[in-house]
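*Asks:* Position one of the sequence shown corresponds to residue 440 (the numbering used here), numbered consecutively onward.
All C-beta atoms, glycine included, are put in the ideal place defined by N, C-alpha and C.
Small disclaimer: the values here were computed from a predicted structure and weren't measured.
Input: one structure, supplied below.
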Amino acid sequence: MASNIPASLRSADIGRYALRAAQLERAKPVVAYWCNFWIVNQIIERGLHTSDDNVKSYTTDLVDKLEKFRSENTDNDAVMDAEAANAYLEQFGLEILGRAEATMKANKVTNKLQTPSRLPQPFSSCARFGPTLRNQRLLRRSSSPSTMQ
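This is the structure in structure tokens:
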């Protein structure tokens, strides 16, 4: 999904989160899920899904991907429960910061350290995920043929 992100979303500073989600897709699928969830939330909160058809299509595809992942992971508390998700993402952030700290202590800091040590905003705002489920439902309704004009 990171490769086909519309240009207007790249300029809205959403592209780097899509890239990070794509990077984590295999290694940390739950983190990628919440990163994508944050992307959808930002698109809907900012009303970007109404800006053009490419953004709306991208958002709808991403929502479909999220729904599929959620339905395949109903037994995973880090996906289904906001508190567990918060703990999971906090642990992920601590792992990244721990690796960055170890690199700094070993005096082996390079330009690569900058990317993993900067935590994207989705990892610091897990508590806000709950209300965004409503936003996904609103997007679904606005995309249905019966409500389109």
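#1: Comparing C-alpha positions only, which one of Arg465, Gly537, Gly454 sits nearest to tryptophan 477?
#2: Since asparagine 515 and valine 469 are thought to touch, with beta carbons under 8 Å apart, how far apart are those beta carbons, to the nearest angstrom?
#3: So, with DSSP's three-state summary, where would you put asparagine 475?
#4: For leucine 501, collect the residues of the same chain with a Cβ closer than 7 Å to its Cβ; drop the 5 residues on either side in sequence, then sort them by chain order.
#5: Anyone know if the C-beta pair for valine 518 and asparagine 512 falls short of 7 Å?
*Replies:* Let me spell this out:
#1: Numbered from 1 along the sequence shown, position 38 holds the residue referred to as residue 477. Ranking Arg465, Gly537, Gly454 by Cα distance to tryptophan 477 puts Gly454 first.
#2: Start at 1 with the first residue of the sequence shown, and residue 515 comes out as number 76. Start at 1 with the first residue of the sequence shown, and residue 469 comes out as number 30. Their Cβ separation, rounded to whole angstroms, is 7 Å, which keeps asparagine 515 and valine 469 in contact under 8 Å.
#3: In the sequence shown, residue 475 corresponds to position 36, counting from 1. Note: asparagine 475 maps to helix in three-state DSSP.
#4: Counting from one through the sequence shown, the residue named residue 501 turns up at place 62. Closer than 7 Å at Cβ, skipping near neighbours: Met440, Asn475, Ile478, Val479.
#5: Here residue 518 refers to the residue found at position 79 of the sequence shown. Here residue 512 refers to the residue found at position 73 of the sequence shown. In this structure, asparagine 512 lies closer than 7 Å to valine 518 by Cβ.
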